[in-house]
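Novice:
In the numbering used here, the protein residues as written are 2 to 211.
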């Protein structure tokens with residue numbers, strides 16, 4: 002076996018080990034159970050204790066990386082599903098509507114986000130920066146009327162986090178209908194006329210992978 006092939010195999014093995022540790026950490030975070038010892042995390046990931054310290058210095062560093070990884074995955078999915086939209090108001094509406102549905106379609110990822118909600122609302126990764134981007138673009142285009150973008154983000158982030166908690170607490174509630182209603186109310190708050198807000202929130206959505 003060549004030196005390059007050996008190096009590639011080791012790189013792939015390290016990537017698999019890191020991914021397994023991140024997935025195990027996300028599972029514990031989603032369950033709200035972050036006080037487990039490192040040994041329990043490595044057992045859940047099916048890796049050796051020594052492998053943990055090849056990737057992370059502490060359990061706290063692993064949890065931070067797991068949350069950041071979840072944010073990156075969440076944000077990348079939203080970008081993919083809204084990439085072709087030219088209207089920032091529609092992009093905001095579609096992103097919010099998709100996010101609400103993901104609480105049901107990806108419940109573990111949703112719980113990671115909800116269990117870190119207050120921190121993530123001001124994060125530079127995941128949903129928050131994309132919402133800020135779309136709001137600012139819609140204001141610049143004359144689509145939204147916003148006096149204070151930071152206060153607007155407080156409202157938007159609070160609506161999404163509370164909606165996610167409600168959908169977990171009420172599994173029989175129609176997630177799509179609930180999300181669209183909240184999105185419509187937000188669009189009206191942001192300055193759109195009621196008829197247009199209603200129409201934007203009734204447009205077909207791309208199908209996110211379950």
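Glycine included, each C-beta is placed from N, C-alpha and C at the ideal position.
Considering just the uninterrupted stretch of the alpha helix (DSSP H) at residue 163, what are its terminal residues?
Specialist: Working through the chain shown from its first residue, we reach residue 163 at position 162. Here the alpha helix (DSSP H) through residue 163 covers 150-170.
Novice: Beta carbon of residue 71, beta carbon of residue 27: below 9 Å?
Specialist: For the purposes of this step, residue 71 is taken as residue 70 along the chain shown, with counting starting at 1. For the purposes of this step, residue 27 is taken as residue 26 along the chain shown, with counting starting at 1. Yes, the Cβ-Cβ distance between residue 71 and residue 27 is below 9 Å.
Novice: Going by alpha carbons, who is nearest to residue 90 out of 131, 60 and 179?
Specialist: Within the chain shown, residue 90 is the residue found at index 89, counting from 1. Closest option to residue 90, Cα to Cα, is 131.
Novice: Looking only at its chain, what residues have a beta carbon closer than 6 Å to the beta carbon of residue 83, apart from the 5 residues adjacent to it on each side?
Specialist: The residue given as residue 83 occupies position 82 in the chain shown. Here the set comprises 92, 95 and 96.
Novice: What span of residues does the alpha helix (DSSP H) with residue 185 cover, start to end?
Specialist: To locate residue 185, count along the chain shown from 1; it is residue 184. Here the alpha helix (DSSP H) through residue 185 covers 176-190.
Novice: Residue range of the alpha helix (DSSP H) that residue 62 falls in?
Specialist: Against the chain shown, residue 62 aligns to sequence position 61. Segment 60-83, the alpha helix (DSSP H) holding residue 62.
Novice: Looking only at its chain, what residues have a beta carbon closer than 6 Å to the beta carbon of residue 112, apart from the 5 residues adjacent to it on each side?
Specialist: Working through the chain shown from its first residue, we reach residue 112 at position 111. Correct list, in chain order: 31.
Novice: In three-state DSSP terms, what is residue 197?
Specialist: Within the chain shown, residue 197 is the residue found at index 196, counting from 1. Three-state result, residue 197: helix.
Novice: Whole angstroms is fine: what's the gap from residue 211's alpha carbon to residue 23's?
Specialist: Translated into positions along the chain shown, residue 211 becomes position 210. Translated into positions along the chain shown, residue 23 becomes position 22. For residue 211, the predicted structure reports a pLDDT of 48, less than 50, and the residue's modelled location is therefore unreliable. The matter cannot be settled from this model.
Novice: As an exercise, report each continuous alpha helix (DSSP H) stretch of at least 4 residues that is fully enclosed by the stretch 81-130, in chain order.
Specialist: 89-106, 108-116 and 118-121, all fully within the stretch 81-130.
Novice: Just the Cα atoms here: how many angstroms apart are residue 50 and residue 75?
Specialist: Walking along the chain shown from the start, residue 50 turns up at place 49. Walking along the chain shown from the start, residue 75 turns up at place 74. Roughly 29 Å separates the two Cα atoms.
Novice: May I ask which residues mark the beginning and end of the alpha helix (DSSP H) holding residue 43?
Specialist: Counting from 1 along the chain shown, the entry for residue 43 is found at position 42. Residue 43 -> alpha helix (DSSP H) spans 39-46.
Novice: Is it the case that the Cβ atoms of residue 157 and residue 206 are separated by a distance below 9 Å?
Specialist: Looking up residue 157 in the chain shown gives position 156. Looking up residue 206 in the chain shown gives position 205. No, these two residues do not count as a Cβ contact at 9 Å.
Novice: Between the Cα of residue 73 and the Cα atoms of 167, 176 and 124, which residue gives the shortest distance?
Specialist: Start at 1 with the first residue of the chain shown, and residue 73 comes out as number 72. When each option's Cα is compared against that of residue 73, the closest is 124.
Novice: Hey, how far is the Cα of residue 106 from the Cα of residue 45?
Specialist: As a working mapping, residue 106 is identified with position 105 in the chain shown. As a working mapping, residue 45 is identified with position 44 in the chain shown. Taking the straight line joining both Cα atoms gives about 23 Å.
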